[in-house]
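For reference, the structure discussed in these notes is given below.
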Amino acid sequence: MRYLMLILTDPDLEAPEETPVPIEQWVEEAYGTGRAVTGDRLRPAAEATTVRRRRREVIVSDGPFAEAYELIGGFDVLECDTLDEAVELASRHPMATAGVIQLHPAWPLDL
């Protein structure tokens with residue numbers, strides 16, 4: 001099953017504890033075993049663009065639509081057999097300690 005792993009900052013976190021592994025080791029473990037498929041850091045929220053369609057009109061605005069999106073710093077797409085496996089992999093990412101990780105199961109299109 002595929003999971004979108006969102007990597008978020010936590011503005012309320014005062015002093016993060018030491019991470020379980022350095023990011024380079026996490027990348028090697030996740031991508032080296034094929035459990036991570038793709039991922040990247042994101043540019044700052046100020047560089048984002050929001051696109052909506054309302055009443056047949058395309059509305060484009062600068063920045064994220066919701067304030068929460070300002071906290072997203074990156075993403076990875078995981079390929080794991082179970083949610084437990086995805087949680088274990090996500091829990092080792094340094095931002096699980098220094099920020100927040102969200103796992104969203106993919107809902108494949110039936111085309």
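According to full-length UniProt numbering, the sequence shown holds residues 1 to 111 in order.
For every residue, glycine included, the Cβ atom is placed at its ideal position computed from N, Cα and C.
Here the structure is a predicted model, which means the values were calculated and not measured.
| Asked | Found |
| --- | --- |
| Beta strand (DSSP E) segments (min. 3 residues) lying fully within the stretch 24-97 | 36-41, 49-54, 57-62 and 72-79 |
| Distance between beta carbons of Y3 and H104, contact taken as under 8 Å | 6 Å |
| Nearest-angstrom Cα separation, counted from G63 out to R54 | 18 Å |
| Assigned exposure category for D84 - 16 Cβ within 10 Å defines buried | exposed |
| Same chain, Cβ closer than 6 Å to L13, neighbours up to 5 away in sequence not counted | none |
| Anticipated Cβ contact below 8 Å, L78 with L89, distance rounded | 6 Å |
| Option nearest M5 by Cα separation, candidates P22, A45, R52 and R35 | R35 |
| Reduced DSSP category for residue 146 - H, G, I as helix; E, B as strand; rest coil | Beyond the ends of the chain as shown, which are 1 and 111, falls residue 146; an answer cannot be given. |
| Closest by C-alpha distance to V87, when choosing among L109, R52 and Q102 | Q102 |
| M5 - DSSP class collapsed to helix/strand/coil | strand |
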